[in-house]
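Each residue of the sequence shown is one higher than the one before, counting from 67 in our numbering. Ideal Cβ placement from N, Cα and C applies to all residues, glycine included. Comments concern the structure below.
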Amino acid sequence: IAITSISSEAFQNNDNITSVFIPSSIKKIGSNAFNSCSSLKNVIFEKNSNITTIGENAFAYCNNLNIKSYNNVKYLPSEDNFYFVAIGVQTKTATNYELSPNTQVIADYTFYNTKITTLEIPKSVKNIGKYAFSFSFIETISFEINSKLEIIDSYAFYRSKIKTIEIPSSVTHIEDMSF
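Pasting the structure below:
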């Protein structure tokens, strides 16, 4: 039987873990799952990962974590994609951000309370996480042609300044209070 999720706080404050390989069977990583794992350096998602949700602060305070950066956005890699999961930003005061064309997941709280005003979502993105753009200055979201977006999670744009959005036909779920 394959494991499909890592529960909230499952490894929180574990100072012994240095590396984590997330198999493709994992669909969800709960809030604070690896929070404050001070020795954690590497997190790699298996090629063809099925991850859809990375909870709030799942990797917060992992100060030694090897994070990739692309135009002010912080990422965790997969085996074949350096810019697999967007997990946060370098600075919340910037107004311009650009996602890697290889991004597949925008994790919970990625752009929360940032000064971002506009963003194009690459066609590779499948999920926009909870509170991803909440309380941000985002006004306009656009999606690349042939978007693969399936899920706009709860509170994704809650209390943002969103004025314009055209939801792709690929979307199958818009969760509670998304806008």
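Legend entry - Beta-carbon gap between E216 and N193 smaller than 8 Å: yes
Inset, instruction - Would you list the residues sitting across from T206 in a DSSP beta bridge? - result: T184 and T230
Inset, instruction - Would you check whether the ligand MG has a heavy atom nearer than 7 Å to the C-beta of L106? - result: As far as ligands go, the structure on display features none, and thus does not contain the ligand MG.
Inset, instruction - Identify whether G154 lies in helix, strand or coil by the three-state DSSP scheme. - result: strand
Legend entry - Continuous beta strand (DSSP E) stretch holding S135: start and end: K134 to Y136
Inset, instruction - Out of K93, N98, N168 and T230, state which residue places its alpha-carbon closest to the alpha-carbon of D146. - result: N168
Legend entry - Among F223, N108, F203 and K189, the one whose alpha carbon lies nearest that of N162: F203
Legend entry - is_contact[E232, chain C] using C-beta, thresh 8 Å: You won't find chain C in this structure, because it holds only one protein chain.
Legend entry - Extent of the continuous beta strand (DSSP E) run through V86: S85 to I88
Legend entry - Given 8 Å, three or more beta-carbon pairs between the stretch 122-134 and the stretch 84-102: yes
Inset, instruction - Verify whether the separation of the beta carbon atoms of R225 and S200 is less than 8 Å. - result: yes
Legend entry - Per-residue burial, P89 [other beta carbons within 10 Å of its own, 16 or more giving buried]: exposed
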